[in-house]
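Beneath this line is the structure, given in structure tokens, with notes to follow.
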Amino acid sequence: MNFKDFDDKLGAMKFPNKFSKDLNIEEDKPLALVASTTDFGQYSFLYFTPTKGRIYCVKGNIIFGIIVGRPNLSFIDKEECEKIFSK
């Protein structure tokens, strides 16, 4: 699997970076968010089924390794999300 195979890209994880994105998605259909560190094959996935009208906040960071970093995606709560976007 290569990140270049995905047609829909939300943005790039760079430090510091934050962005919001409204997605037009089908309700009750599974969705996967994928983060990748270039061509080294390190990925992080979040699989979930979105609910209409709900806001999802995802935090991305890089866990440093010996040769290449590994991306990490995780859901965060509303309070942490508001704190990040208030800066």
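So the number in the numbering used here is just where the residue sits in the sequence shown, counting from 1, plus 120.
For each residue, glycine too, the CB sits at the ideal point set by N, CA and C.
Note that the structure is predicted; figures quoted are calculated from it, not measured.
### Message
In whole angstroms, give me the CA-to-CA distance for F168 and F195.
### Response
The residue given as residue 168 occupies position 48 in the sequence shown. The residue given as residue 195 occupies position 75 in the sequence shown. C-alpha separation (whole angstroms): 10 Å.
#### Entry: Residues sharing a beta bridge with Y163, DSSP
Looking up residue 163 in the sequence shown gives position 43. The partner list for Y163 (beta bridge, DSSP) reads S156.
### Message
Residues in the same chain with beta-carbon distance under 8 Å from V178, minus the five sequence neighbours each way, listed in chain order, please.
### Response
Within the sequence shown, the letter at position 58 stands for residue 178. So the qualifying residues of the chain are L153, L166, L193, S194, F195 and I196.
### Message
So, with DSSP's three-state summary, where would you put F195?
### Response
Taking the first residue of the sequence shown as position 1, residue 195 is located at position 75. Strand.
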